[in-house]
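Trainee: For the protein sequence lines, the chains are A and B, in the order given.
Take any residue in the first sequence, count from 1 to its spot, add 531: that is its number in the numbering used here.
Take any residue in the second sequence, count from 1 to its spot, add 358: that is its number in the numbering used here.
Glycine included, each C-beta is placed from N, C-alpha and C at the ideal position.
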Amino acid sequence: MRGIGIYVHIPFCAAKCAYCDFLSFVADADTREHYVNSLLQEIEQWEDRGDFVPTVFFGGGTPSVLPPESIARILNKIREKFAVAPDAEISIECNPGTLDAEKLRIYRQAGINRLSMGLQSADNRELRLLGRIHTWEDFLQNFDLAREAGFDNLNVDLISALPGQTTQSWRATLQKVLKLCPEHLSAYSLMIEEGTPFFEKYGQEAAKKQKGEECRFLPSEEEELRMYHCTSKLLREHGYQRYEISNYALRGKECRHNCGYWERREYKGFGLGAASLMRERRFSNTRRMERYLRGEWDAAEPEVLGIKEQMEETMFLGLRMNRGVDLHAFRERYGIDALRVYGAVIARLQRQGLVYCRGDRLWLSEKGFDVGNYVFSEFLL
Amino acid sequence: MTDQSKIRNFCIIAHIDHGKSTLADRIIEMTGLLTSREMQAQVLDNMDLERERGITIKAQAVRTVYRAKDGEEYMFNLIDTPGHVDFNYEVSRSLAACDGAILVVDAAQGIEAQTLANVYLALDHNLDVMPVINKIDLPSADPQRVINEIEDVIGIEAQDAPLISAKTGLHVDQVLEQVIEKIPAPGGDASAPLQALIFDSLYDSYKGVIVFCRIMEGSVKKGTQIRMMATGAKAEVVEVGYFGAGQFIPCQELSAGMVGYLTASLKNVKDTRVGDTITDNERPCENPLPGYKKVNPMVYCGMYPADGAKYPDLRDALEKLQLNDASLQFEPETSVALGFGFRCGFLGLLHLEIIQERLEREYNLDLVTTAPGVVYKVHKTNGEVMELTNPANLPDPSEIEYMEEPMVSAEIMVTTEFIGPIMQLCEERRGVYLGMEYMEETRALLKYDLPLNEIIYDFFDALKSRSRGYASFDYEWKEYVRSELVKLDILVNHEEVDALSFIVHAQTAYERGRKMCEKLKQEIPRHLFEIPIQAAIGSKIIARETVKAMRKDVLAKCYGGDITRKKKLLEKQKEGKKRMRQVGNVEIPQKAFMSVLKLDEN
Numbered sequence: 532m533r534g535i536g537i538y539v540h541i542p543f544c545a546a547k548c549a550y551c552d553f554l555s556f557v558a559d560a561d562t563r564e565h566y567v568n569s570l571l572q573e574i575e576q577w578e579d580r581g582d583f584v585p586t587v588f589f590g591g592g593t594p595s596v597l598p599p600e601s602i603a604r605i606l607n608k609i610r611e612k613f614a615v616a617p618d619a620e621i622s623i624e625c626n627p628g629t630l631d632a633e634k635l636r637i638y639r640q641a642g643i644n645r646l647s648m649g650l651q652s653a654d655n656r657e658l659r660l661l662g663r664i665h666t667w668e669d670f671l672q673n674f675d676l677a678r679e680a681g682f683d684n685l686n687v688d689l690i691s692a693l694p695g696q697t698t699q700s701w702r703a704t705l706q707k708v709l710k711l712c713p714e715h716l717s718a719y720s721l722m723i724e725e726g727t728p729f730f731e732k733y734g735q736e737a738a739k740k741q742k743g744e745e746c747r748f749l750p751s752e753e754e755e756l757r758m759y760h761c762t763s764k765l766l767r768e769h770g771y772q773r774y775e776i777s778n779y780a781l782r783g784k785e786c787r788h789n790c791g792y793w794e795r796r797e798y799k800g801f802g803l804g805a806a807s808l809m810r811e812r813r814f815s816n817t818r819r820m821e822r823y824l825r826g827e828w829d830a831a832e833p834e835v836l837g838i839k840e841q842m843e844e845t846m847f848l849g850l851r852m853n854r855g856v857d858l859h860a861f862r863e864r865y866g867i868d869a870l871r872v873y874g875a876v877i878a879r880l881q882r883q884g885l886v887y888c889r890g891d892r893l894w895l896s897e898k899g900f901d902v903g904n905y906v907f908s909e910f911l912l
Numbered sequence: 359m360t361d362q363s364k365i366r367n368f369c370i371i372a373h374i375d376h377g378k379s380t381l382a383d384r385i386i387e388m389t390g391l392l393t394s395r396e397m398q399a400q401v402l403d404n405m406d407l408e409r410e411r412g413i414t415i416k417a418q419a420v421r422t423v424y425r426a427k428d429g430e431e432y433m434f435n436l437i438d439t440p441g442h443v444d445f446n447y448e449v450s451r452s453l454a455a456c457d458g459a460i461l462v463v464d465a466a467q468g469i470e471a472q473t474l475a476n477v478y479l480a481l482d483h484n485l486d487v488m489p490v491i492n493k494i495d496l497p498s499a500d501p502q503r504v505i506n507e508i509e510d511v512i513g514i515e516a517q518d519a520p521l522i523s524a525k526t527g528l529h530v531d532q533v534l535e536q537v538i539e540k541i542p543a544p545g546g547d548a549s550a551p552l553q554a555l556i557f558d559s560l561y562d563s564y565k566g567v568i569v570f571c572r573i574m575e576g577s578v579k580k581g582t583q584i585r586m587m588a589t590g591a592k593a594e595v596v597e598v599g600y601f602g603a604g605q606f607i608p609c610q611e612l613s614a615g616m617v618g619y620l621t622a623s624l625k626n627v628k629d630t631r632v633g634d635t636i637t638d639n640e641r642p643c644e645n646p647l648p649g650y651k652k653v654n655p656m657v658y659c660g661m662y663p664a665d666g667a668k669y670p671d672l673r674d675a676l677e678k679l680q681l682n683d684a685s686l687q688f689e690p691e692t693s694v695a696l697g698f699g700f701r702c703g704f705l706g707l708l709h710l711e712i713i714q715e716r717l718e719r720e721y722n723l724d725l726v727t728t729a730p731g732v733v734y735k736v737h738k739t740n741g742e743v744m745e746l747t748n749p750a751n752l753p754d755p756s757e758i759e760y761m762e763e764p765m766v767s768a769e770i771m772v773t774t775e776f777i778g779p780i781m782q783l784c785e786e787r788r789g790v791y792l793g794m795e796y797m798e799e800t801r802a803l804l805k806y807d808l809p810l811n812e813i814i815y816d817f818f819d820a821l822k823s824r825s826r827g828y829a830s831f832d833y834e835w836k837e838y839v840r841s842e843l844v845k846l847d848i849l850v851n852h853e854e855v856d857a858l859s860f861i862v863h864a865q866t867a868y869e870r871g872r873k874m875c876e877k878l879k880q881e882i883p884r885h886l887f888e889i890p891i892q893a894a895i896g897s898k899i900i901a902r903e904t905v906k907a908m909r910k911d912v913l914a915k916c917y918g919g920d921i922t923r924k925k926k927l928l929e930k931q932k933e934g935k936k937r938m939r940q941v942g943n944v945e946i947p948q949k950a951f952m953s954v955l956k957l958d959e960n
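#1: Would you report the Cα separation of residue 839 of chain A and residue 872 of chain A, rounded to the nearest angstrom?
#2: Strictly below 8 Å CB to CB, what residues from chain B border residue 902 of chain A?
#3: Just grab the DSSP bridge partners of residue 573 of chain B for me.
#4: Excluding sequence positions up to five away, which residues of its chain have a Cβ less than 6 Å from the Cβ of residue 624 of chain A?
#5: Can you find a CB in chain B that lies within less than 9 Å of the CB of residue 743 of chain A?
#6: My output table needs one value for residue 644 of chain A: the three-state DSSP class, helix, strand or coil.
#7: Put residue 408 of chain B into one of helix, strand or coil per three-state DSSP.
#8: Name the DSSP bridge partner or partners of residue 333 of chain B?
#9: Taking the Cβ atom as the reference point for each residue, do residue 657 of chain A and residue 699 of chain A lie within a distance shorter than 9 Å?
#10: Of the residues that make up the stretch 890-904 of chain B, which ones have a beta carbon closer than 8 Å to any beta carbon in chain A?
#11: Starting from the Cα of residue 581 of chain A, find the closest Cα among A:895, A:614, A:750, A:555 and give me that residue.
#12: So, is the C-beta of residue 878 of chain B closer than 9 Å to a C-beta in chain A?
#13: Could you compute how far the alpha carbon of residue 764 of chain A sits from the alpha carbon of residue 782 of chain A?
#14: Applying a beta-carbon distance threshold of less than 8 Å, which residues of chain A neighbour residue 929 of chain B?
#15: Determine, for residue 808 of chain A, whether the minimum Cβ-Cβ distance to residues of chain D falls below 9 Å.
#16: Is there at least one Cβ from chain A nearer than 9 Å to residue 915 of chain B's Cβ?
#17: Candidates B:878, B:855, B:894: which alpha carbon is nearest residue 941 of chain B's?
#18: With a threshold of 16 other CB atoms inside 10 Å of the CB of residue 843 of chain A, please say whether the residue is buried or exposed.
#19: If you measure between the beta carbons of residue 550 of chain A and residue 558 of chain A, is that distance less than 9 Å?
#20: Mind checking the stretch 763-779 of chain A against chain B and listing, in chain order, the residues whose C-beta falls within less than 9 Å of any C-beta there?
#21: Counting C-beta neighbours from all protein chains within 10 Å, is the total for residue 608 of chain A 16 or more, i.e. buried, or is it exposed?
#22: Can you give me the C-alpha to C-alpha distance between residue 489 of chain B and residue 533 of chain B, rounded to a whole angstrom?
#23: How is the alpha helix (DSSP H) around residue 622 of chain A delimited, first residue to last?
#24: Taking Cβ positions, are residue 519 of chain A and residue 588 of chain A nearer each other than 9 Å?
#25: Report the three-state DSSP secondary structure of residue 489 of chain A (helix, strand or coil).
#26: Which stretch, first to last residue, makes up the beta strand (DSSP E) that contains residue 682 of chain A?
#27: Chain A beta carbons: is any one of them nearer than 9 Å to that of residue 946 of chain B?
#28: Between the stretch 435-464 of chain B and chain A, which residues of the former have CB atoms less than 7 Å from a CB of the latter, in chain order?
#29: DSSP three-state call for residue 595 of chain A: helix, strand or coil?
#30: I'd like the ranges of any alpha helix (DSSP H) spanning at least 4 consecutive residues and lying wholly in the stretch 774-837 of chain B.
#31: Does DSSP put residue 731 of chain B in a helix, in a strand, or in coil?
Spelled out as structure tokens, the structure:
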């Protein structure tokens with residue numbers, strides 16, 4: 532049974548971080564309540580297909596800034612409309628400093644079984660630089676609370692390549708976190724995104740870095756690469772498998788919901804700006820709050836994915852994962868051998884040492900992971 | 359038959375922006391297009407005009423009728439001359455079709471380099487030059503100073519020059535009266551054998567070639583068997599006529615002293631070269647008119663379609679443009695880096711730019727153009743002399759005795775405060791200082807001999823920037839001189855990129871090579887490996903830059919919602935690649951081939 536993943540977007544934060552370009556902002560309690568009501572209505576009016584739902588993911592923003600009862604109400608509404616699996620993976624993103632024992636209790640009661648904690652760094656100086664509202668100590672306390680509440684599937688989000696960061700200080704963050712033995716780790720590289728305070732500050736440097744030049748604040752590309760290699764090596768030594776470019780997990784603890792994105796399983800997003808993939812159509816909700824609150828949830832026309840687009844996505848999303856693309860499944864799905872479509876590209880990438888192709892599987896080499904964008908773009912037809 | 363004494367054939371000469379076109383418009387406006395006698399004919403011919411609608415002519419010439427203060431009607435033929443040095447030969451032929459010239463000088467700016475060049479050209483053709491001071495309505499106008507300048511510098515009488523504003527029409531009537539007074543009526547015997555000067559021609563898909571001519575002797579009408587004395591082309595005249603405003607107006611006959619057009623079922627402008635003499639094949643004149651020469655391209659470059667599949671389209675477009683432009687030359691060429699294209703020859707850089715723009719705009723072609731070069735003369739050890747238009751064809755140095763490059767004489771008009779920087783620029787460009795004349799206290803005319811290959815790059819831009827826009831510049835062809843020239847090759851990842859090679863003076867090779875490498879470093883995107891960019895003369899490397907290897911490039915985060923957006927990023931990356939040319943393992947953006955044309959000063 533394939534089933535669909537459900538994503539719920541909560542666009543609120545206690546404070547906006549200096550590097551963040553996600554759809555999120557600070558809002559008053561009224562707006563938040565109004566939003567939850569509109570969200571409940573959106574789920575309610577969704578044409579019920581009684582779909583089987585193996586994963587639910589509350590993302591943001593910071594879903595944990597909502598009263599936990601709101602989360603429970605939303606989850607109940609989802610259970611009303613869909614056939615949520617008894618063993619479904621139900622995740623929620625939360626920020627250190629926003630959790631307490633009562634909140635965690637209600638989460639568990641509602642059926643949430645996975646917490647994703649946005650730590651970003653174990654260095655308080657770096658946390659201040661990022662504009663985070665919490666300290667390492669806040670995180671430690673929240674992490675312990677989560678364990679005490681019975682959560683046995685915890686993720687910690689980290690960001691490398693911060694201004695002023697070195698491989699050494701990055702390693703220190705990793706080591707501190709590893710001591711806590713989370714089941715899952717996401718380690719992203721900082722991107723300097725337009726429209727953020729970081730872009731004002733580091734935008735010019737980022738452009739220099741793009742050309743391979745040395746920078747004053749941002750770690751060089753070479754240094755960033757060392758951090759990336761340090762991450763995968765250190766985590767491997769501690770029993771974590773990299774299963775996607777930026778994601779590491781103990782055996783069996785991979786995030787099933789996120790894997791769905793890379794395997795192109797169907798998912799339905801609810802909430803402001805939430806994206807969906809249903810019946811080979813990609814579509815998104817409106818990103819404008821006032822419209823969303825008026826109940827005008829959906830936005831532009833869906834993008835209909837033809838066979839060409841589907842094949843492209845299968846390749847560049849599948850290759851993000853360590854296990855790569857199943858070429859047998861490709862053939863079954865599209866009725867044509869992937870080598871007929873991509874033979875020349877694959878041969879070239881193999882020669883360049885960027886991919887491996889054995890039997891029915893195609894996957895990235897270590898070097899391929901480093902320059903993934905180059906490899907992915909080659910699979911666009 | 360028109361009375362010759364009532365005809366005036368003249369042109370307007372001026373420095374750019376001194377008001378030539380405005381005055382021409384005003385003259386056309388203030389005169390009529392028809393004599394009262396011709397009014398009748400015009401009405402009768404309406405049907406024909408309808409039929410011919412859709413033909414637009416280059417604003418090359420127009421005939422107007424002026425009723426003068428003495429009550430007589432005069433026929434004015436105003437011939438427009440192209441205003442750029444690239445088309446100097448065309449200008450000289452247009453002048454040869456005139457009997458006089460109106461010299462327009464800006465009342466504030468005074469004489470500029472082009473003013474002088476044009477006046478000398480007009481005087482060379484024995485034209486009577488009649489000065490007019492324009493823009494006297496400007497607050498900064500100083501007509502008396504300009505009048506004195508004209509008298510001092512050019513040496514022509516200017517005290518009674520009309521002080522006009524072509525913009526407002528002020529005193530333009532005085533100009534018209536002076537045209538009658540000061541510009542002589544044409545001579546020539548209408549019963550003599552036909553002798554007519556071609557000063558332009560254009561191709562029209564309906565009529566074939568339309569030849570613009572000035573009848574010097576004799577007459578021509580429908581049915582005359584004509585012969586072009588230089589090209590030898592023969593044809594029977596189908597139609598003769600004169601130029602209305604934007605129209606061709608047929609008439610019975612063109613006779614000595616008149617300016618007009620003829621069509622003769624000629625299919626190619628190559629048969630009707632500017633400067634050639636038309637005569638009656640059955641009753642030819644004894645000698646052709648003096649001054650004809652076949653103009654040869656001075657500047658060459660390679661033009662390639664950005665999309666290789668468009669090669670036939672580019673060939674068709676060039677052929678069509680050539681129908682109208684006999685000075686455009688092209689022949690197929692192949693480049694390892696750029697594929698199939700053409701080596702094209704132009705009169706100058708402006709001509710090159712015009713053609714390039716027309717190909718892109720009118721024919722919708724995306725072009726890659728290689729660095730323009732001049733024609734070098736290579737004297738080989740075996741005594742052969744070859745004309746080198748493509749650096750790739752330079753023989754092995756062991757086969758070369760010596761080389762020659764074209765020199766031009768340049769005149770630069772500049773305000774005194776910028777003399778220093780401009781002289782420095784000319785020195786940098788290997789100029790040979792000939793002298794300097796003070797026009798007045800604050801302005802001077804610098805004379806230099808300059809190698810043409812030093813001014814076809816960015817000389818004009820450099821001149822403007824170093825004089826804050828105040829310098830004006832003109833040049834004319836001089837001669838070939840012996841020169842220390844070398845071929846500079848560019849190696850990208852140790853492979854020579856043929857389309858980037860060029861010929862340069864040994865002295866400036868190092869500097870050029872260094873700049874090229876720097877520029878290319880900016881243009882070539884990073885690859886997965888390090889790319890050395892080297893400039894070399896023969897096997898000697900004279901400059902080097904390195905494009906660093908791309909070590910890390912991956913979208914760290916790729917959540918569900920992002921997929922459409924992230925795919926767009928990948929598509930952009932891929933799209934960029936399509937606009938690249940593969941040289942060995944390296945992909946070079948097309949614009950890199952052109953950006954090297956502008957090796958900016960800074």
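Mentor: Answer, in terms of the structure:
#1: For the purposes of this step, residue 839 of chain A is identified with residue 308 of the first sequence, where counting begins at 1. For the purposes of this step, residue 872 of chain A is identified with residue 341 of the first sequence, where counting begins at 1. Those two C-alpha atoms are separated by around 10 Å.
#2: Against the first sequence, residue 902 of chain A aligns to sequence position 371. In chain order: 886, 908, 909, 910, 911, 912.
#3: Taking the second sequence and counting its residues from 1, one reaches residue 573 of chain B at position 215. Beta bridge pairing from DSSP links residue 573 of chain B with B:554.
#4: On the first sequence, residue 624 of chain A is found 93 positions in, with the first residue counted as 1. Closer than 6 Å at the Cβ level, and outside the excluded window around residue 624 of chain A, lie 590, 591, 594, 647.
#5: Reading the first sequence from its first residue, position 212 is the one you call residue 743 of chain A. Closer than 9 Å: yes.
#6: Start at 1 with the first residue of the first sequence, and residue 644 of chain A comes out as number 113. Note: residue 644 of chain A maps to coil in three-state DSSP.
#7: Against the second sequence, residue 408 of chain B aligns to sequence position 50. With a pLDDT of only 32 at residue 408 of chain B, under the threshold of 50, the placement of this residue in the model should not be trusted; the figure read from the coordinates follows. Of the three classes helix, strand and coil, the one that applies to residue 408 of chain B here is helix, per DSSP.
#8: Outside the modelled stretch of chain B, which goes from 359 to 960, sits residue 333 of chain B, for which no answer is possible.
#9: Here residue 657 of chain A refers to the residue found at position 126 of the first sequence. Here residue 699 of chain A refers to the residue found at position 168 of the first sequence. No, the pair does not count as a contact, with Cβ atoms beyond the cut-off.
#10: Closer than 8 Å at the C-beta level to chain A, one finds no residue of the stretch 890-904 of chain B.
#11: Start at 1 with the first residue of the first sequence, and residue 581 of chain A comes out as number 50. Comparing C-alpha distances from residue 581 of chain A to each of A:895, A:614, A:750, A:555 shows the shortest one belongs to A:614.
#12: The residue labelled residue 878 of chain B in the question sits at position 520 within the second sequence. Taking Cβ atoms only, chain A never reaches closer than 9 Å to residue 878 of chain B, which makes this a no.
#13: Numbered from 1 along the first sequence, position 233 holds the residue referred to as residue 764 of chain A. Numbered from 1 along the first sequence, position 251 holds the residue referred to as residue 782 of chain A. Each residue's Cα considered, the two are about 16 Å apart.
#14: Start at 1 with the first residue of the second sequence, and residue 929 of chain B comes out as number 571. For a Cβ distance threshold of 8 Å, residue set 908, 911 of chain A lies close to residue 929 of chain B, ordered along the chain.
#15: Given the protein chain composition of this structure (A and B), no chain D is represented.
#16: Locating residue 915 of chain B in the second sequence gives position 557, counting from the first residue. Yes, residue 915 of chain B lies at the interface with chain A (some Cβ there is under 9 Å from its Cβ).
#17: Position 583 of the second sequence, counting from 1, holds the residue named residue 941 of chain B. For the residues B:878, B:855, B:894, the minimum Cα distance to residue 941 of chain B belongs to B:855.
#18: Here residue 843 of chain A is taken as the residue at index 312 of the first sequence, counted from 1. Here residue 843 of chain A is buried. Its C-beta has 16 or more other C-beta atoms within 10 Å.
#19: By one-based count along the first sequence, residue 550 of chain A stands at place 19. By one-based count along the first sequence, residue 558 of chain A stands at place 27. In this structure, residue 558 of chain A does not lie closer than 9 Å to residue 550 of chain A by Cβ.
#20: Cβ contacts with chain B come from 775, 776, 777.
#21: In the first sequence, counting from the first residue as 1, residue 608 of chain A sits at position 77. The residue is buried, with at least 16 neighbouring Cβ atoms inside 10 Å.
#22: In the second sequence, counting from the first residue as 1, residue 489 of chain B sits at position 131. In the second sequence, counting from the first residue as 1, residue 533 of chain B sits at position 175. Taking the straight line from one Cα to the other gives about 9 Å.
#23: Start at 1 with the first residue of the first sequence, and residue 622 of chain A comes out as number 91. From DSSP, residue 622 of chain A is part of no alpha helix (DSSP H) but of the beta strand (DSSP E) over 614-625.
#24: Only positions 532 to 912 of chain A appear in this structure, which leaves residue 519 of chain A out of reach.
#25: The requested residue 489 of chain A is not part of the displayed model; chain A covers only 532 to 912.
#26: Position 151 of the first sequence, counted from the first residue, corresponds to residue 682 of chain A. From DSSP, residue 682 of chain A is part of no beta strand (DSSP E); its letter is neither H nor E.
#27: Here residue 946 of chain B is taken as the residue at index 588 of the second sequence, counted from 1. By this cut-off, residue 946 of chain B is not an interface position.
#28: Flagged: no residues at all.
#29: Locating residue 595 of chain A in the first sequence gives position 64, counting from the first residue. Residue state, collapsed to three classes: helix.
#30: Those alpha helix (DSSP H) runs which fall completely within the stretch 774-837 of chain B and span 4+ residues are 777-786, 810-813, 817-824.
#31: Within the second sequence, numbered from 1, the residue matching residue 731 of chain B stands at position 373. Reduced to three states, the DSSP call for residue 731 of chain B is strand.
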